[in-house]
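Heads up: the sequence shown begins at 10 in our numbering, then just goes up one per residue. Built from N, CA and C at the ideal position, the CB exists for glycine as well. In this text, all values refer to a predicted model and were calculated from it rather than measured experimentally. See structure below.
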Amino acid sequence: MSLTSEQMKKIADTVKQSLRNKFQSYKPETNNMPFHYRLLGKDRMALFSFIHSLNTTFGTSIFEPVAEILASLNFSIAQKQFAVGNSISEKAQTEIQHIMNELTIGNMPNKSQEIERIRKVCNKGIMHKVKAVKVDLFLIGNDGSIHLFDLKSAKPNISNFKDFKRTLLEWIAIYLSENPTTNIHSYIAIPYNPYEPKPYERWTLKGMLDLDNELKVAEEFWNFLGGEGTYSELLDCFERAGIELRPEIDNYFLKFK
Numbered sequence: 010m011s012l013t014s015e016q017m018k019k020i021a022d023t024v025k026q027s028l029r030n031k032f033q034s035y036k037p038e039t040n041n042m043p044f045h046y047r048l049l050g051k052d053r054m055a056l057f058s059f060i061h062s063l064n065t066t067f068g069t070s071i072f073e074p075v076a077e078i079l080a081s082l083n084f085s086i087a088q089k090q091f092a093v094g095n096s097i098s099e100k101a102q103t104e105i106q107h108i109m110n111e112l113t114i115g116n117m118p119n120k121s122q123e124i125e126r127i128r129k130v131c132n133k134g135i136m137h138k139v140k141a142v143k144v145d146l147f148l149i150g151n152d153g154s155i156h157l158f159d160l161k162s163a164k165p166n167i168s169n170f171k172d173f174k175r176t177l178l179e180w181i182a183i184y185l186s187e188n189p190t191t192n193i194h195s196y197i198a199i200p201y202n203p204y205e206p207k208p209y210e211r212w213t214l215k216g217m218l219d220l221d222n223e224l225k226v227a228e229e230f231w232n233f234l235g236g237e238g239t240y241s242e243l244l245d246c247f248e249r250a251g252i253e254l255r256p257e258i259d260n261y262f263l264k265f266k
């Protein structure tokens, strides 16, 4: 499915507005770096600092709203920063800990089985209130299925994947506590593959995540949202937005010369 002209315009506008907002709020680092300045120029150092600062907010300011736009035509509901609930059962917490213990000692992850184990106890025991939990992207498919996404950086810290796994399971438990019969899925999404043209190093995640049912990287993620071919069209949208913004970017960094 190709992107509609309306989607392409919204995506380009979102990217351009995000960068313009960043220009308005951005303050370059004030550290004196005389050798770097003389070697590379203050404008290039300011640009480097800006890119580093932008990377820290790329997910919330660009990837999340773009994902919401893409999914809006293919899913009945698409919403970023959606609150999935604020309570989890005592029995579900215990079952999640059992799952985590099993994975730690070498059992292979199986997301569909893990979800059914949690479903059986999602309303059993004391219901504990938790801080309102938000997912980066919440989708309801046309068949009523629920999809919860946690968007991560291109190179997430592998040591944190145990925490990521627990989070995905807790989202399931929290949502099922109020909707126990729902067909539900939760995923880690990585917006692009930093290792291209080589495959993403999925082996580093093996053993904690069910790679076929719990991880979507680059094309898998964007094409899941917008249909086949979305990823390449999305890159074209970003390129067009960059070309339109280039004079503004150049003018902005002239003041650092």
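- Three or more Cβ pairs drawn from the segment 111 to 121 and the segment 210 to 225 lie within less than 8 Å of each other, which places the two stretches in contact.
- Beta-bridge partners of V226 (DSSP): I199.
- Boundaries around S14 are those of the alpha helix (DSSP H), S14 to S34, since no beta strand (DSSP E) includes it.
- A direct Cα-Cα distance of roughly 36 Å separates K164 from N132.
- Per DSSP, reduced to three states, the secondary structure at F147 is strand.
- DSSP lists H137 as the beta-bridge partner residues of I97.
- For the pair K140 and F91, the CB atoms are not nearer than the 8 Å cut-off.
- By the Cβ neighbour-count rule, N232 is buried, with 16 or more other Cβ atoms within 10 Å of its own.
- For I181, there is no enclosing beta strand (DSSP E); the enclosing alpha helix (DSSP H) covers residues F170 to L185.
- Distance from the CA atom of S81 to the CA atom of A87, rounded to whole angstroms, is 5 Å.
- DSSP, reduced to helix, strand and coil, places D52 within a helical segment of the structure shown.
- In this structure, the alpha-carbon of S14 lies about 27 Å from that of I155.
- The DSSP-derived three-state label of F158 is strand.
- Comparing alpha-carbon positions, the option among G235, E123 and V226 lying closest to N110 turns out to be E123.
- Setting aside the 5 residues that flank it on each side, F262 is surrounded in the same chain by D52, A55 and L56, each with a C-beta closer than 7 Å to its C-beta; the list follows chain order.
- Pairwise C-beta distances place the segment 98 to 113 out of contact with the segment 195 to 204, as fewer than three of them are shorter than 8 Å.
- With fewer than 16 other beta carbons inside 10 angstroms of its own, P43 counts as exposed.
- G94 sits close to S186, with the two beta carbons spaced by under 8 Å.
- Going by beta carbons, K25 and A227 fall outside the 8 Å limit.
- Residue state for L218 is assigned as strand, using DSSP reduced to three classes.
- Close CB contacts of F265 within its chain, under the 6 Å cut and outside five residues either way in sequence, are with K51, D52 and A55 (chain order).
- At the C-beta level, E242 and L160 stay beyond 8 Å of one another.
- Nearest C-alpha to K129 among N260, I71, I181 and L148: I181.
- It is roughly 8 Å from the alpha-carbon of L148 to the alpha-carbon of S85.
- In this structure, K31 is the residue among K31, L48 and M136 with its C-alpha nearest to the C-alpha of T65.
- A residue is called buried when at least 16 other Cβ atoms come within 10 angstroms of its Cβ; H61 does not meet this threshold and is exposed.
- By the criterion of a C-beta distance shorter than 6 Å, L12 is surrounded in its chain by E242, once the five residues flanking it on both sides are discounted.
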